[in-house]
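What follows is one structure encoded as structure tokens, with my remarks underneath.
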Amino acid sequence: MMEPVLTIVVPCYNEEEVLPETISQLQQLLKELINDTLVSKHSKILFVDDGSKDRTWELIYKEGLRNEYVRGLKLAGNVGHQNALLAGLFAAKELSDCVVSIDADLQDDIQVIREFILKFRDGCEIVYGVRKGRAADTFFKRSTAQGFYKMMKNLGVNLVYNHADFRLMSKRAVQELAKFNEVNLFLRGIVPLLGFRSDVVYYDRLERQAGQTKYPLKKMLAFAFDGITSFSVSPIRFVLVIGLVSFIMSLVFGGYFLTLKFLGNTETGWTSLITSIWLIGGLQLIAIGLIGEYVGKIYKETKQRPKYIVDIDSLNLPVPRRHLLQQTGENEMLETGILSSKR
Ligand code: UDP
Ligand code: MG
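Those letters in the sequence shown? Residues 153 to 495, by the working numbering.
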């Protein structure tokens, strides 16, 4: 039985304070997983230095020289958490059967990775780590984050509630992810779109072990705004609705203002002014909203997202089997060799 090769991808931005602890804990865990023959002895921890200005890269590099489990990837500049994570996932995918992404600050319970692996070995291609609660976060962070998830849901974006970027993905899932060509890749929204068999593991979110958050309010807002605008045209549709409302108001009020005029209670010129303000305002917003709809379409086209992702293709299997079409249990999949690469 072949154990799957695991790569743990850790994006790091100015993390010199917490990194030594992170390295030692993750390596300890990896050794245990290897000893328990859950993962291959070729498994690695890949630290991605996201253009840090402190000694982060130095620490990673030196550790890599004397530690067979630690590897580093240094990005030329700071590209932000999401892009640094992608860089790590894509670098790791050829050499691994599965990849786990986790933050450098040890806020996520690393023991959960063991459960990720067990689920992966049971045939899950994506396993989400989900926080049970947010007791460790400040009230502000908690309420803004929860508001964000709710709003995204209302806007029709399929997110896993309270899941950040702590997850396992199979090699295949990462390969499919690489086909999403958009520049603004909002991972938490895209990964559920992949649609592979997935599961969830709950854990308690802890305090940051050392150092400061690398997500100040400004970055958080930018992140949220990015997430919304790369998944939804609802904001511009809202403009269209306001325009329509304003237009209808102009018609209704127009009638009302005219009545006032004929009853003789108005200043000269007021009726035509007030009616045209509503009318022109409404028409302008409608026009902007319409243009927005088209811009939204162009935006969708330019992203060139894959139109579908194949899970099982029995055309290209040596012996086609009917039961594969019904997404049956793992044993049958094993027989046909689909999971054999993992074992
Ligand atoms: N990070 C990164 N690039 C950035 C900002 C953050 O790679 O520009 C990394 C950071 O080192 C950490 C992870 O992203 O491993 C999450 O950051 P942080 O813990 O500061 O965010 P929070 O948990 O406060 O939301
Ligand atoms: Mg953190």
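Built from N, CA and C at the ideal position, the CB exists for glycine as well. Computed from a predicted structure; not experimentally measured.
Helix, strand or coil at residue i according to DSSP, with G and I counted as helix
i, result
"His233", "helix"
"Ile160", "strand"
"Ile278", "strand"
"Asp378", "helix"
"Ser428", "helix"
"Arg218", "helix"
"Ser402", "helix"
"Arg207", "coil"
"Arg283", "strand"
"Ser192", "coil"
"Phe383", "coil"
"Glu359", "coil"
"Pro472", "Residue confidence is low: Pro472 scores 49 on pLDDT, short of 50, so the model does not pin down where it sits. No coordinate-derived value is stated."
Range of the contiguous beta strand (DSSP E) that encloses residue i
i, result
"Ser350", "Ser350 to Tyr355"
"Leu320", "His315 to Ser322"
"Val252", "Cys250 to Ser253"
Strand pairing of residue i, partner residues [DSSP]
i, result
"Phe199", "Val162 and Gly224"
Minimum C-alpha distance to residue i - residue among the options
i, options, result
"Gly275", "Asp249, Gly444 and Lys293", "Asp249"
"Leu358", "Ser204, Asp255, Phe199 and Val222", "Asp255"
"Leu345", "Arg319, Ile160 and Leu311", "Leu311"
"Glu246", "Thr159, Gly216 and Glu169", "Thr159"
"Phe383", "Thr423, Glu334 and Ile400", "Glu334"
"Val309", "Phe242, Thr381 and Gly285", "Thr381"
"Leu270", "Val352, Ile212 and Tyr165", "Val352"
"Leu238", "Val397, Val385, Lys331 and Phe399", "Lys331"
"Ala244", "Leu320, Ile426, Phe399 and Gln180", "Leu320"
"Leu369", "Ile438, Val404 and Thr296", "Thr296"
Limits of the alpha helix (DSSP H) - the one that residue i falls within
i, result
"Tyr460", "Counting along the chain, Tyr460 falls outside any alpha helix (DSSP H), and DSSP gives it neither H nor E."
"Leu181", "Leu171 to Asn187"
"Met304", "Phe291 to Asn306"
"Ile265", "Val264 to Arg273"
"Arg340", "Leu339 to Leu346"
Contact between the segment 396 to 406 and the segment 191 to 206: three or more CB pairs below 8 Å?
no
The segment 184 to 196 in contact with the segment 224 to 232 per 3-pair CB rule at 8 Å
no
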